[in-house]
Structure formats: C-alpha cells, structure tokens
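J.: After the structure tokens below, expect a handful of questions from me.
Number of protein chains: 2
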Amino acid sequence: MQSLASVQALVFDVFGTVVDWRSGVARDAGTFLARHAPGTDPAAFADAWRQRYSPAMEEVRSGRRPFTRLDVLHRENLEAVLPQFGIDAAAVPPSELDALNLAWHRLDPWPDSVPGLTRLKRRFIIAPLSNGNIRLMLDMAKRAGLPWDTILGAEVAQAYKPTPEAYLRTAEVLMLEPAQICLVAAHNGDLAAARRCGLRTAFIPRSTEHGPAQATDLRAESNWDVVAADMEDLAEQLGL
Amino acid sequence: MQSLASVQALVFDVFGTVVDWRSGVARDAGTFLARHAPGTDPAAFADAWRQRYSPAMEEVRSGRRPFTRLDVLHRENLEAVLPQFGIDAAAVPPSELDALNLAWHRLDPWPDSVPGLTRLKRRFIIAPLSNGNIRLMLDMAKRAGLPWDTILGAEVAQAYKPTPEAYLRTAEVLMLEPAQICLVAAHNGDLAAARRCGLRTAFIPRSTEHGPAQATDLRAESNWDVVAADMEDLAEQLGL
Numbered sequence: 015m016q017s018l019a020s021v022q023a024l025v026f027d028v029f030g031t032v033v034d035w036r037s038g039v040a041r042d043a044g045t046f047l048a049r050h051a052p053g054t055d056p057a058a059f060a061d062a063w064r065q066r067y068s069p070a071m072e073e074v075r076s077g078r079r080p081f082t083r084l085d086v087l088h089r090e091n092l093e094a095v096l097p098q099f100g101i102d103a104a105a106v107p108p109s110e111l112d113a114l115n116l117a118w119h120r121l122d123p124w125p126d127s128v129p130g131l132t133r134l135k136r137r138f139i140i141a142p143l144s145n146g147n148i149r150l151m152l153d154m155a156k157r158a159g160l161p162w163d164t165i166l167g168a169e170v171a172q173a174y175k176p177t178p179e180a181y182l183r184t185a186e187v188l189m190l191e192p193a194q195i196c197l198v199a200a201h202n203g204d205l206a207a208a209r210r211c212g213l214r215t216a217f218i219p220r221s222t223e224h225g226p227a228q229a230t231d232l233r234a235e236s237n238w239d240v241v242a243a244d245m246e247d248l249a250e251q252l253g254l
Numbered sequence: 015m016q017s018l019a020s021v022q023a024l025v026f027d028v029f030g031t032v033v034d035w036r037s038g039v040a041r042d043a044g045t046f047l048a049r050h051a052p053g054t055d056p057a058a059f060a061d062a063w064r065q066r067y068s069p070a071m072e073e074v075r076s077g078r079r080p081f082t083r084l085d086v087l088h089r090e091n092l093e094a095v096l097p098q099f100g101i102d103a104a105a106v107p108p109s110e111l112d113a114l115n116l117a118w119h120r121l122d123p124w125p126d127s128v129p130g131l132t133r134l135k136r137r138f139i140i141a142p143l144s145n146g147n148i149r150l151m152l153d154m155a156k157r158a159g160l161p162w163d164t165i166l167g168a169e170v171a172q173a174y175k176p177t178p179e180a181y182l183r184t185a186e187v188l189m190l191e192p193a194q195i196c197l198v199a200a201h202n203g204d205l206a207a208a209r210r211c212g213l214r215t216a217f218i219p220r221s222t223e224h225g226p227a228q229a230t231d232l233r234a235e236s237n238w239d240v241v242a243a244d245m246e247d248l249a250e251q252l253g254l
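Just so you know, the protein sequences line up as chains C and B, in that order. Going by this note's numbering, the first sequence opens with residue 15, and the numbers climb by one from there. Going by this note's numbering, the second sequence opens with residue 15, and the numbers climb by one from there.
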C-alpha cells in the first residue's frame with residue numbers, strides 16, 4: 015500500500031460500486047410495469063433504461079449539449095425507453111414518470127458499503143465522484159445511511175466521467191494533487207481514466223451489478239494500486 | 015411555524031452562526047504572534063484579519079475579479095494585515111503563513127451546534143451555505159464533528175453571499191423552490207438577502223461572535239420566520 019501513503023481523500027464511483035442500481039430500479043419499475051405493461055421483466059426494464067445512460071452523457075461530454083444534470087437525462091431516457099416495452103409515454107401521467115425517475119434516488123447499498131465507508135471515513139475524506147447529481151446522491155445517502163463527508167462528482171465538476179475534468183476539478187476542489195486522491199470503483203474503465211489524470215486507483219469487483227450473467231468488470235484488468243474484495247476488505251487493507 | 019411546513023432543507027451560515035471564528039483564529043494567531051510580534055492581542059489580530067473579509071469578496075461580487083475561493087482571499091488578507099502589527103510579511107516563511115491560514119479550517123463550534131444539527135438532520139437536508147470553500151468546510155466538519163449531509167455554498171454556487179446567485183444556485187442544486195429552503199444565520203443582512211430570493215429565514219443570535227463588546231446583530235431586526243435562542247432551541251421549535 016506504499017502508493018497510497020500520501021492519499022488524503024477516497025472518492026467513489028457510486029452506481030454499481032456503492033449501490034446496487036439494478037435491483038433498486040427493478041423494484042420500483044416492477045410496480046409501474048404491473049400497471050402499464052404486465053408481464054414485463056423489471057430487470058430487463060432496468061437494463062434497457064440504464065443502457066441509455068452513457069449515450070445521453072456522451073451528448074454532454076462531446077460538447078454538443080451544455081452540462082445537464084443526470085436526473086434530467088434519466089427522465090428523458092425513461093420516456094425514450096417506454097415504447098420498447100409497448101408503453102405509450104404520452105398516456106402515462108407525467109407525475110408518475112417523475113416518481114419512477116426517483117428510483118435512482120432510492121438504491122440500496124451493497125451490504126459491505128456502509129460499514130466499510132464508516133471505517134474509511136475515520137482516516138480519509140470520503141465523497142462520491144459519481145455522475146449522479148448532488149440531490150440524487152443526497153437523497154440516496156440519507157435513505158441508505160451513506161456517511162459521506164460531502165458530495166462531489168459531475169455536478170460539482172460540471173463534467174461527466176470519464177472526461178478528465180471530472181477527476182481534475184474534483185482534485186482542485188479538494189485542494190489536493192491528483193496523487194493524493196484515490197478513486198474506488200468497480201469499473202476498470204473509470205479507473206483507467208482516473209489513472210491517466212494521476213489519481214490512485216482501487217478496484218472492487220461487483221460481479222452481479224449487471225445481474226447473474228455479467229461478463230464485464232469481473233476482475234481487475236490492470237495493476238491498480240489496490241484490489242479489494244469489498245469495501246470492508248478495502249478498509250482492512252488500508253489498516254482501518 | 016406554519017411558514018416552515020414545506021421546508022425540506024436547512025442551509026446554514028457558518029462563520030459566527032455555527033462556529034466561533036474569533037476565538038479559533040485568535041488561538042492559532044497567538045502562537046504565531048508570540049514569535050513575530052510579542053505583546054500583540056490575538057483577538058485584535060483576528061478582528062483585523064476578518065475586517066478584510068468582506069472587501070476581498072466584494073472584488074468578486076462586483077465582477078472585478080473572477081470567482082476565487084476563500085482560502086486564497088484569506089491568504090492574501092493575512093499578508094496584507096501583517097504590517098498593521100509591525101510584521102514584515104516578506105520575512106516570514108510562506109509555509110508558516112500557509113499554516114496560519116488554516117486556522118479558519120480549525121474553528122470550534124458553539125456548544126449547541128453539533129447536538130442541534132444532529133437533531134435537525136433527522137428531518138431536513140442540512141448543509142452549509144457559507145462563503146467558505148469546500149475544503150475549508152470539509153476540514154472544519156471532520157475536526158468538529160459537524161454532521162452535514164453535503165457541503166454547499168459559495169464554491170458550489172460560484173458566487174459570494176449576499177449576491178442572489180449564492181442563494182438561488184443553491185436552491186437549484188437542491189432541486190427545491192427557494193421557499194422550500196430555510197437559511198439559518200446569526201446575521202440579519204444575510205437573512206434579508208435570502209428572503210429577497212424567496213428563502214425562509216431563521217435567526218439565531220450569537221452575541222459574542224465579535225467579542226464582549228459586540229454591538230451588531232444582537233437581535234432579530236425583522237420578522238424572520240423563526241427566531242431561536244440557539245441550534246437546540248431551533249430543533250425544539252421545529253418539533254425535533
């Protein structure tokens with residue numbers, strides 16, 4: 015852990031790494047689908063909704079669209095995904111779509127997340143470096159008891175990962191050199207982008223993030239500074 | 015408390031309202047002055063340093079200077095104030111000035127702040143809406159145990175109070191109407207600016223913020239939505 019000796023802040027990917035977005039979204043979508051498209055698999059709906067996540071952010075990353083918070087992108091993606099499941103978006107009251115959109119604010123943490131973060135907080139500044147917006151992260155943290163010191167990420171940086179600015183502006187706000195910050199993520203691509211910006215890296219596999227048949231990010235694909243089994247193991251390895 | 019029925023977030027002025035900046039700065043300045051200007055009253059030094067706070071921000075508020083975080087303004091003000099006490103800034107190692115500048119990160123809360131905030135957090139989103147930068151607020155909160163849900167304020171809004179944008183951008187980030195947010199402050203002027211933006215207002219007097227001879231902000235100067243004796247009384251009045 016030599017390389018982490020100067021680290022003062024741990025920043026976290028959240029969707030997948032800290033919380034189980036697929037089950038959470040499927041749970042809330044289930045109630046919705048029972049009314050509007052009975053027989054639909056809620057997990058398939060969650061996957062289809064999530065599939066539009068990166069392309070929507072790409073509009074912002076590319077500069078074609080000014081920075082737009084994730085709640086807005088999620089809401090647009092929700093309307094776009096409904097026809098795939100035979101639902102006429104215009105026939106659903108907007109308030110019902112607004113309510114379903116908040117499913118992303120109500121995700122459950124993996125069992126090790128809260129105890130692990132609580133331990134890590136003793137020595138490090140801990141904050142999300144997520145593409146989720148501040149209010150989304152706030153609602154999620156209050157509901158789940160995630161003990162963040164503050165909320166950082168795309169909305170503070172006004173840039174979506176893996177754009178370098180998302181990492182570099184976070185370092186600037188923390189008044190730290192990139193090497194004094196470690197990104198914790200379940201995604202090799204996120205870690206690779208952070209490393210290119212000079213951050214330290216910690217990988218935690220989340221092998222069921224995408225369901226039982228997950229084929230990606232099952233293991234560390236580079237020599238990340240730390241590879242931990244889960245958040246408690248990370249705390250353990252960092253001597254906490 | 016009718017007017018607070020729809021409030022979802024409490025945002026707080028911090029210097030003076032949540033923490034006792036004068037004693038904290040004087041404590042750290044004391045050690046410094048013993049070396050460089052023996053016999054100087056540390057509280058007078060704290061007052062002189064603080065006196066340059068608002069004029070420095072005014073450069074940003076007026077648009078003459080781009081947004082610059084408070085740590086930078088404090089550091090410039092420190093160098094500017096030294097000659098007033100017969101200290102040659104150029105003769106002091108910069109690292110010593112950097113260390114003294116962090117006095118603002120190490121301020122103690124008033125005795126009622128942590129217990130009051132802890133109670134208020136049960137029902138409300140609680141966050142600083144301070145002119146202090148994110149890292150300053152982070153260090154202060156970790157040292158003092160201030161249980162913020164997140165850190166908001168000037169650096170997130172990129173605007174200094176009492177500029178309207180400081181309040182309005184905070185509402186935007188919280189995805190709330192201004193009337194769903196209440197500013198808690200010991201300063202009538204801050205509350206007046208917040209009210210002009212549509213926020214609810216709560217006044218807590220801090221009659222020794224400026225020392226024993228304080229003459230300003232001793233009482234509520236308008237019909238603020240709540241007037242509380244301290245943070246615990248505020249929790250009490252809000253039914254927590």
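Where is the CB? At the ideal position from N, CA and C, for every residue including glycine.
I'd like the list of long-range same chain contacts for residue 89 of chain B, defined as Cβ closer than 6 Å, with 5 residues on each side in sequence excluded.
T.: 115.
J.: Taking DSSP as the reference, what is the three-state secondary structure of residue 122 of chain C?
T.: Reduced to three states, the DSSP call for residue 122 of chain C is coil.
J.: What residues in its chain sit with their C-beta under 8 Å from that of residue 152 of chain B, if we drop five residues either side in the sequence?
T.: Cβ within range, chain order: 165.
J.: Could you work out which residues of chain C lie near residue 188 of chain B, taking near to mean beta carbons separated by less than 7 Å?
T.: Neighbours of residue 188 of chain B on chain C, chain order: 149.
J.: In terms of residues, what are the limits of the beta strand (DSSP E) holding residue 24 of chain B?
T.: 23-26 is the span of the beta strand (DSSP E), which, as asked, contains residue 24 of chain B.
J.: Between the Cα of residue 60 of chain C and the Cα atoms of C:120, C:81, C:138, C:41, which residue gives the shortest distance?
T.: Nearest option by C-alpha distance: C:41.
J.: Kindly indicate which residue of C:172, C:110, C:111, C:98 has the alpha-carbon position closest to the one of residue 80 of chain C.
T.: Closest option to residue 80 of chain C, Cα to Cα, is C:172.
J.: Note down, in chain order, each residue of its chain lying with its Cβ closer than 7 Å to the Cβ of residue 119 of chain B, except the 5 sequence neighbours on either side.
T.: Within the same chain, residue 119 of chain B has close Cβ partners 150, 153, 154.
J.: Residue 155 of chain B versus chain C: which residues are under 9 Å apart at the beta carbon?
T.: Going along chain C in sequence order, the residues near residue 155 of chain B (Cβ under 9 Å) are 163, 164.
J.: Indicate whether at least one CB of chain B lies closer than 8 Å to the CB of residue 139 of chain C.
T.: Yes, its Cβ sits closer than 8 Å to a Cβ of chain B.
J.: Terminal residues of the continuous beta strand (DSSP E) containing residue 216 of chain C?
T.: Looking at the DSSP string, the run of the beta strand (DSSP E) that includes residue 216 of chain C is 214-217.
J.: From what residue to what residue does the beta strand (DSSP E) around residue 197 of chain C run?
T.: Start and end: 195-199.
J.: Identify the contact partners of residue 152 of chain C in chain B, using a Cβ-Cβ distance below 7 Å as the criterion.
T.: Here the neighbours are 139, 163, 164.
J.: Ignore the nearest five residues each way along the sequence and tell me which others in residue 95 of chain B's own chain have a CB closer than 6 Å to its CB.
T.: Here the set comprises 62, 63.
J.: May I have a chain-ordered list of the alpha helix (DSSP H) segments no shorter than 4 residues that lie completely inside the segment 108-169 of chain B?
T.: For the segment 108-169 of chain B, whole alpha helix (DSSP H) runs of length 4 or above, ordered along the chain, are 108-115, 127-135, 148-158.
J.: Is the beta carbon of residue 27 of chain C sitting closer than 8 Å to the one on residue 199 of chain C?
T.: Yes.
J.: Please compile the residues from chain B whose C-beta is within a distance smaller than 7 Å of the C-beta of residue 90 of chain C.
T.: None at all; the shortest Cβ gap to chain B is about 16 Å.
J.: Below 8 Å on the Cβ atoms is my contact criterion, and I expect residue 131 of chain B with residue 107 of chain B to pass it. Report the Cβ-Cβ distance as a whole number of Å.
T.: Actually they are not in contact, since the Cβ atoms of residue 131 of chain B and residue 107 of chain B sit about 37 Å apart, beyond 8 Å.
J.: How would you label residue 249 of chain C, buried or exposed, when you count the other beta carbons within 10 angstroms and need 16 or more for buried?
T.: Result: buried.
J.: To which residues of the same chain is residue 22 of chain B closer than 7 Å at the C-beta, ignoring the five residues directly before and after it?
T.: Correct list, in chain order: 138, 139, 190, 194.
J.: Does DSSP put residue 29 of chain B in a helix, in a strand, or in coil?
T.: Note: residue 29 of chain B maps to strand in three-state DSSP.
J.: Pick from C:82, C:65, C:203: whose alpha carbon is nearest that of residue 233 of chain C?
T.: Nearest option by C-alpha distance: C:203.
J.: Kindly indicate which three-state DSSP category residue 86 of chain B falls into: helix, strand or coil?
T.: Looking at residue 86 of chain B - three-state DSSP - the assignment turns out to be helix.
J.: Less than 8 Å between C-beta atoms, sequence neighbours within five positions excluded: which residues of the same chain meet that for residue 179 of chain C?
T.: Correct list, in chain order: 171, 172, 173.
J.: With C-beta atoms as the reference, is residue 18 of chain B less than 8 Å away from residue 252 of chain B?
T.: Yes, these two residues count as a Cβ contact at 8 Å.
J.: Closer than 8 Å, CB to CB, is residue 241 of chain B near chain C or not?
T.: Not closer than 8 Å to any Cβ of chain C, the Cβ of residue 241 of chain B fails to qualify, so no.
J.: Would you mind telling me which residues of chain B sit closer than 8 Å to residue 169 of chain C, beta carbon to beta carbon, in chain order?
T.: By Cβ distance, chain B contributes 187.
J.: Distance check for residue 242 of chain B and residue 31 of chain B, CA to CA, integer angstroms please.
T.: Taking the straight line from one Cα to the other gives about 12 Å.
J.: Is the beta carbon of residue 168 of chain C closer than 8 Å to that of residue 84 of chain C?
T.: Result yes, Cβ atoms of residue 84 of chain C and residue 168 of chain C sit closer than 8 Å.
J.: Determine the closest residue to residue 57 of chain C out of C:65, C:72, C:36, with distance taken between C-alpha atoms.
T.: That would be C:36, whose Cα lies nearest to the Cα of residue 57 of chain C.
J.: Taking all protein chains shown into account, decide if residue 146 of chain B is buried (16 or more other Cβ within 10 angstroms of its Cβ) or exposed.
T.: Looking at its Cβ environment, which holds 16 or more other Cβ atoms inside 10 Å, residue 146 of chain B is buried.
J.: What residue does the alpha helix (DSSP H) around residue 35 of chain C start on, and which one ends it?
T.: First-last of the alpha helix (DSSP H) with residue 35 of chain C: 35-50.
J.: Under 7 Å Cβ to Cβ from residue 125 of chain C, same chain only, skipping five residues before and after it: list those, please.
T.: Taken in chain order, the list of residues that qualify is empty.
J.: Could you pull out every residue in the same chain whose Cβ sits closer than 6 Å to the Cβ of residue 112 of chain C, ignoring the five residues on either side in sequence?
T.: Answer for residue 112 of chain C: no residue qualifies.
J.: Alpha carbons only, please: which of B:222, B:100, B:210 is nearest the one belonging to residue 47 of chain B?
T.: Comparing Cα positions, the closest option is B:100.
J.: Would you please state the rounded distance, in angstroms, between the beta carbons of residue 216 of chain C and residue 181 of chain C? I believe it to be under 8 Å.
T.: Actually they are not in contact, since the Cβ atoms of residue 216 of chain C and residue 181 of chain C sit about 14 Å apart, beyond 8 Å.
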